[in-house]
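First to last, the protein sequences are chains A and B.
Per our numbering, the first sequence runs over residues 1 to 197.
Per our numbering, the second sequence runs over residues 1001 to 1197.
Read through the structure below, which is laid out as structure tokens, and then see the notes.
2 protein chains.
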Amino acid sequence: MAGMSASTPLPDARTRLARAAVDAFAARGFHGTTTRDISTTAGMSPAALYVHHRSKEELLFELAHAGHLRVLELVRSSVARSGDPLTQAGDLVEDFVRDHAVSHTGARVINYELAALSEEHRSEILAVRHEIDLVLREVVERGVEAGVFSTPDPHMTSLAILSLGIDVARWYRDEGRWTPDEVAAHYRLLALRMLGT
Amino acid sequence: MAGMSASTPLPDARTRLARAAVDAFAARGFHGTTTRDISTTAGMSPAALYVHHRSKEELLFELAHAGHLRVLELVRSSVARSGDPLTQAGDLVEDFVRDHAVSHTGARVINYELAALSEEHRSEILAVRHEIDLVLREVVERGVEAGVFSTPDPHMTSLAILSLGIDVARWYRDEGRWTPDEVAAHYRLLALRMLGT
DNA sequence: CCATGGTAAGCAAGCGCTTAGTCACACCGC
DNA sequence: GCGGTGTGACTAAGCGCTTGCTTACCATGG
């Protein structure tokens, strides 16, 4: 039970910086956020950011990289729960969409702020993103071969399905009309219809 | 024929500023773009921007407002070409998606840079956007009533269809795998499937 | 002769990041 | 147990530069 206490303890400095950075980047964008914004929201002096990160850009990269790896693990675990493509695709969409609704703040950062990264950092992120794409695409292609899905272009259809999920991060609001579970369930239906089931 | 010449004439200053601003805002975001970026790309001194626009923020607003009104007219003309909901929805999606692929640079600005606007300007844009939403939603609802569409939540489904089209602006690239017409045609099919046809 | 559209120069504020130093604390030989 | 010492987290101060925008001025066509 080390590190635990009754009420929520103050998170350590790195975590506070990361949380402040995600919120600020999501609300005002990378270039609209100052290092002073981040550090003072985290309860520290401006220089403290540089104790933990080499630069503002590298802080964004670390957030985006960790976020993408988390999503990759999420979708891999979604398809690992079943053997048939219909359940796999449905579960993947449901998990992916729910996550983008619940974590819409973080998802905005990792999807809409990539242009601020250096060439090398951006391509490292895009490599992870390509892996995510492949997970769904292989499920769709196996479903088409098995005759449970029917689509004239499996590649574009799987891209569109993930695209649909990503855009949830743009429009979803916590105080909005639907819960994450409601959006996820409806999007599962929409995706399976797109796949011709 | 006033103002025309054989080869492309140098556009007037306002147009050059607008074009430079769209390209810069799309590539680096509002806060990542400097007024010097815009004005020197347009072939003018930094101060020239303020001859034509009151501020950088107002320049963004004018671009976003004009862009949204253009899309509103586009979707209204799409549904005006037919009487039956199936053709109306299909035409709307096809036109909307083609436009977001062709004009992906402008579409990125008007969809992803709204957070940089003032409260008043942003809400003025959101009002136009609401009108765009309503055009599709009414087509979908009429289709459901007529029995040609079947969806448990017409509201969320029409939102998802527009969302799908907007996200095209994020991932579409000119040198990519598909032409705007190919994406538009495939997305028409996907949208109609989402509507249960 | 003046409205229109442009420029050169620059101001005040804010930017990312660095430097030099403080402080709490783990670890050490004794 | 104890002073000495090294180490990592953090801050106060500020540097050099860039930012959005203004001011004062100039050219030119109607």
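Even for Gly, the Cβ is constructed at its ideal location relative to N, Cα and C.
Being a predicted model, the structure only gives us computed values, none of them experimental.
Helix, strand or coil at residue i according to DSSP, with G and I counted as helix
{"i": "tyrosine 50 (chain A)", "result": "helix"}
{"i": "histidine 1186 (chain B)", "result": "helix"}
{"i": "tryptophan 178 (chain A)", "result": "coil"}
{"i": "methionine 1194 (chain B)", "result": "helix"}
{"i": "alanine 27 (chain A)", "result": "helix"}
{"i": "threonine 1015 (chain B)", "result": "helix"}
{"i": "serine 1077 (chain B)", "result": "helix"}
{"i": "alanine 1066 (chain B)", "result": "helix"}
{"i": "arginine 170 (chain A)", "result": "helix"}
{"i": "glycine 1083 (chain B)", "result": "coil"}
{"i": "glycine 43 (chain A)", "result": "coil"}
{"i": "alanine 1020 (chain B)", "result": "helix"}
{"i": "threonine 35 (chain A)", "result": "helix"}
{"i": "serine 163 (chain A)", "result": "helix"}
{"i": "serine 55 (chain A)", "result": "coil"}
{"i": "leucine 10 (chain A)", "result": "coil"}
{"i": "methionine 4 (chain A)", "result": "Caution is warranted here: a pLDDT of 41 is assigned to methionine 4 (chain A), below 50, making its placement in the model unreliable, and the coordinate value is therefore given only provisionally. Correct three-state label for methionine 4 (chain A): coil."}
Presumed contact (8 Å Cβ cut-off) between residue i and residue j, rounded CB distance
{"i": "tyrosine 187 (chain A)", "j": "valine 93 (chain A)", "result": "6 Å"}
{"i": "alanine 1042 (chain B)", "j": "alanine 1066 (chain B)", "result": "Not quite, the Cβ-Cβ distance comes to about 17 Å (not below 8 Å), so this is no contact."}
{"i": "leucine 1060 (chain B)", "j": "alanine 1020 (chain B)", "result": "The Cβ separation is near 13 Å, so there is no contact."}
{"i": "aspartate 167 (chain A)", "j": "isoleucine 1166 (chain B)", "result": "6 Å"}
{"i": "valine 75 (chain A)", "j": "leucine 159 (chain A)", "result": "Not really, about 14 Å apart at Cβ, beyond 8 Å."}
{"i": "proline 1180 (chain B)", "j": "valine 1102 (chain B)", "result": "5 Å"}
{"i": "valine 71 (chain A)", "j": "aspartate 99 (chain A)", "result": "7 Å"}
{"i": "lysine 56 (chain A)", "j": "threonine 40 (chain A)", "result": "Contact doesn't hold; Cβ gap of about 14 Å is too wide."}
{"i": "valine 1140 (chain B)", "j": "leucine 1086 (chain B)", "result": "So it is not a contact: roughly 11 Å between Cβ atoms."}
{"i": "alanine 169 (chain A)", "j": "arginine 108 (chain A)", "result": "5 Å"}
{"i": "phenylalanine 1025 (chain B)", "j": "glutamate 1131 (chain B)", "result": "Contact flag wrong, Cβ pair sits at about 23 Å."}
{"i": "serine 1082 (chain B)", "j": "aspartate 1095 (chain B)", "result": "With 8 Å as the limit, serine 1082 (chain B) and aspartate 1095 (chain B) do not qualify as a contact, their Cβ atoms being about 12 Å apart."}
{"i": "valine 202 (chain A)", "j": "valine 22 (chain A)", "result": "This structure leaves residue 202 (chain A) out entirely; chain A is present only between 1 and 197."}
Quick one: which unbroken alpha helix (DSSP H) runs of 4-plus residues sit fully inside the region 1104-1156 of chain B? Chain order, please. Qualifying alpha helix (DSSP H) stretches, in chain order: 1104-1112, 1119-1146.
Residues in the region 59-79 of chain A having any Cβ partner in chain B nearer than 9 Å: For the region 59-79 of chain A, which is checked against every Cβ of chain B, not one residue is closer than 9 Å.
For the region 31-52 of chain A, list every residue whose C-beta sits within 7 Å of some C-beta in chain B, in sequence order. Taking 7 Å as the Cβ-Cβ cut-off against chain B, the residues of the region 31-52 of chain A that qualify are His31, Gly32.
Of the residues that make up the region 1015-1032 of chain B, which ones have a beta carbon closer than 8 Å to any beta carbon in chain A? Near chain A, meaning a CB-to-CB distance below 8 Å, the residues of the region 1015-1032 of chain B are Ala1027, Arg1028, Gly1029, Phe1030, His1031, Gly1032.
Residues within the region 156-172 of chain A neighbouring chain B, beta-carbon criterion of under 8 Å: Residues passing the 8 Å Cβ filter: Met156, Thr157, Leu159, Ala160, Ser163, Leu164, Ile166, Asp167, Val168, Arg170, Trp171.
Members of the region 95-129 of chain A near chain B, C-beta cut-off 9 Å: If the cut-off is 9 Å between Cβ atoms, the region 95-129 of chain A has Asn111, Tyr112, Glu113, Ala115, Ala116 near chain B.
Of the residues that make up the region 1172-1190 of chain B, which ones have a beta carbon closer than 9 Å to any beta carbon in chain A? For the region 1172-1190 of chain B, which is checked against every Cβ of chain A, the residues closer than 9 Å are Arg1177, Trp1178, Glu1182, Val1183, His1186, Tyr1187, Leu1189, Leu1190.
Proximal residues, the region 131-151 of chain A versus chain B, C-beta separation under 7 Å: Those would be none; no residue qualifies.
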